[in-house]
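The sequence shown: position 82 = 81 (numbering that gives the first Met the number 0), numbered continuously. Ideal Cβ placement from N, Cα and C applies to all residues, glycine included.
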Amino acid sequence: MTPEMHSQIVAAAAQLRAGGVVAFPTETVYGLGADISNPSAVRRIFEIKKRPIDHPLIVHFADAARLQYWAEEVPEAAWRLAECFWPGPLTLILPRSCHVPSSVTGGQDMVGLRIPDHPIALALLNELGSEKALAAPSANRFGRISPTTAAHVREELGHAVDMILDGGACAVGLESTIVGFSGQTATILRPGGVSLAALAEVLNGKIVLPQVKNSTVRVPGALVSHYAPLTPLEVWPTKILWQRAHKLEAQGRRVMIIGWSEPEPDPVSPENKNIAYFLMPCKAAAYGSRLYAILRRFDHGRFDYLLAEAPPDDPAWLAVADRLQRASHTSFDKLQDDDYGKGNTPDENRHE
Ligand code: TXA
Ligand code: MG
């Protein structure tokens with residue numbers, strides 16, 4: 000770590016001790032941090048994000064040995080996950096201890112806990128001291144795309160925050176996997192940086208994927224529209240993607256296709272004046288690390304529609320598929336009935 004970054008971290012810790020709000024990098028996305036023991040600083044997080052105050056914040060700390068300090072009760076399965084994945088992109092939902100104010104958890108008795116795997120985040124937490132922890136939601140306005148660079152935070156929150164620590168682009172690029180517990184059985188509440196396969200291996204398969212939408216737990220990331228660009232985003236299977244693009248183009252719309260499979264040369268309108276194509280990585284982790292930055296890049300008014308190619312139906316793509324679905328304004332199922340339903344079968348061969 001450079002001496003300049005070290006002195007910025009010392010300054011950021013001083014800001015936090017004085018009740019400030021500091022944006023900092025983690026391996027997943029940038030967080031908007033405040034000392035959990037300072038109620039007015041925590042309140043400012045909700046104000047800056049325009050987030051409803053009953054939506055809980057994740058508590059970040061640095062030392063896994065302190066898990067019992069922040070949680071009242073830690074099931075064996077949670078210890079095992081903490082051992083294997085911390086520091087890392089995993090948040091554990093556990094009963095909160097008396098050291099976690101209820102304002103941080105939106106009034107709930109459960110708290111989300113995580114040790115981030117980023118040298119700047121860890122240095123900041125260590126500088127604050129082990130009796131301190133940072134409440135840190137993603138550093139974006141409620142419902143919008145999470146920031147994966149310091150520039151994204153600056154663009155969106157600008158002077159509302161006291162300081163932004165710049166750690167470059169986040170390596171994972173999607174938020175942490177959130178896991179809750181019922182006895183020794185773990186439940187994924189939000190897919191994310193730690194894969195389902197990795198969790199299942201550590202827990203000998205004792206893991207469930209719930210219907211998040213029907214969950215009684217309040218998870219803003221589980222609202223129907225979240226992580227969303229302003230430009231309408233639609234998610235389409237590969238075979239229908241171009242057909243949809245041409246339909247929109249014929250209506251005079253400018254379309255950006257965000258795909259992961261190489262596009263075939265287009266026989267219908269070779270010039271494609273109003274259709275642009277951006278090729279994403281075809282591996283889930285690489286795709287996930289770029290998704291938010293790409294959605295932001297194409298969300299500046301030059302396109303009327305963003306069309307994302309549906310990701311492969313493979314557990315490795317779970318987090319990407321989840322974020323695309325939540326970022327999309329219209330679901331495939333709905334459009335299927337309107338435009339491509341029975342009696343109007345797409346020409347499946349045209350663009351395959
Ligand atoms: O990767 C991440 O988790 C990032 C970085 C900054 O660490 N943070 C993040 O925070 O994504 P946020 O606030 O944008 O999303 C946190 C999610 C929310 O959906 C929230 O409802 C859920 O975690 N959560 C936090 N505490 C919870 C609790 N006690 N019970 C249920 N869900 C909880
Ligand atoms: Mg968020």
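From the DSSP output, read off the bridge partner residues of residue i.
i, result
"M109", "P94"
"E26", "None; E26 has no bridge partner."
"M0", "For M0, which the question treats as bridged, DSSP gives no partner whatsoever."
"T104", "None, per the DSSP bridge assignment."
"R189", "I177"
"Y276", "I256"
"V207", "T186"
"G32", "V21"
"I163", "A22"
"A134", "A33 and V58"
"L229", "Partner(s): none; L229 has no beta bridge."
So does residue i have its beta carbon nearer than 7 Å to some heavy atom of the ligand TXA?
i, result
"T148", "no"
"H54", "yes"
"S137", "yes"
"T27", "yes"
"Q107", "yes"
"H59", "yes"
"I92", "yes"
"R189", "yes"
"T186", "no"
"V99", "no"
"P115", "yes"
"P51", "no"
"G142", "no"
"G182", "no"
"G172", "no"
"V207", "no"
"T1", "no"
Closer than 7 Å to a non-hydrogen atom of the ligand MG - does that hold for the CB of residue i?
i, result
"S175", "no"
"S145", "yes"
Would you report the Cα separation of residue i and residue j, rounded to the nearest angstrom?
i, j, result
"Y68", "H98", "7 Å"
"A76", "R65", "17 Å"
"F302", "I52", "34 Å"
"A221", "R325", "Confidence at A221 is low in this model, with a pLDDT of 41, below 50, so the placement of that residue is unreliable and no value is reported for it."
"P283", "G191", "Per the sequence shown, the amino acid found at residue 283 is Ala instead of Pro. Going from the Cα of A283 to the Cα of G191 covers about 11 Å."
"Q14", "M162", "8 Å"
"P118", "A249", "50 Å"
"P231", "L323", "12 Å"
"V28", "V20", "16 Å"
"G30", "V234", "27 Å"
"G18", "D313", "44 Å"
"L334", "E3", "With a pLDDT of 46 at L334, under the threshold of 50, the modelled position of this residue cannot be trusted; read the value that follows with caution. Approximately 52 Å, taken between the alpha carbons."
"K272", "A292", "24 Å"
"R46", "S39", "Checking the sequence, you will find Glu at residue 46 rather than Arg. One C-alpha to the other measures close to 10 Å."
"F60", "L93", "14 Å"
"T25", "V178", "18 Å"
"R16", "V160", "15 Å"
"G32", "K238", "43 Å"
"A168", "H151", "10 Å"
"S145", "G106", "24 Å"
"R43", "D34", "11 Å"
"R79", "V201", "7 Å"
"S101", "P55", "9 Å"
"L173", "R296", "16 Å"
"A199", "G182", "16 Å"
Taking the beta strand (DSSP E) that residue i belongs to, which residues open and close that run?
i, result
"H59", "I57 to H59"
"E308", "Y304 to E308"
"F180", "T176 to S181"
Nearest to residue i by alpha carbon, out of the options?
i, options, result
"G157", "V103, T147 and N139", "N139"
"S129", "D312, E248 and A63", "A63"
"L112", "A170, G142, A168 and F180", "F180"
"S6", "G142, A122 and M279", "A122"
"R95", "L89, I57, E126 and D116", "I57"
"C83", "I114, S102, G105 and P100", "I114"
"I8", "L127, R252 and G258", "L127"
"N37", "A132, H299, A81 and D165", "A132"
What residue range does the alpha helix (DSSP H) around residue i cover?
i, result
"F45", "P38 to K48"
"E233", "E233 -> not in any alpha helix (DSSP H); beta strand (DSSP E) instead, spanning L232 to W235."
"D355", "Because the chain here runs from 0 to 351, residue 355 falls outside it and cannot be looked at."
"C281", "It is not in any alpha helix (DSSP H) - C281 carries neither H nor E in the DSSP assignment."
"A196", "L195 to V201"
"Y68", "L66 to W69"
"V152", "A149 to L156"
Counting only C-beta atoms, is residue i closer than 8 Å to chain B at any point?
i, result
"Q67", "Protein chains in the displayed structure number just one, and chain B is not present."
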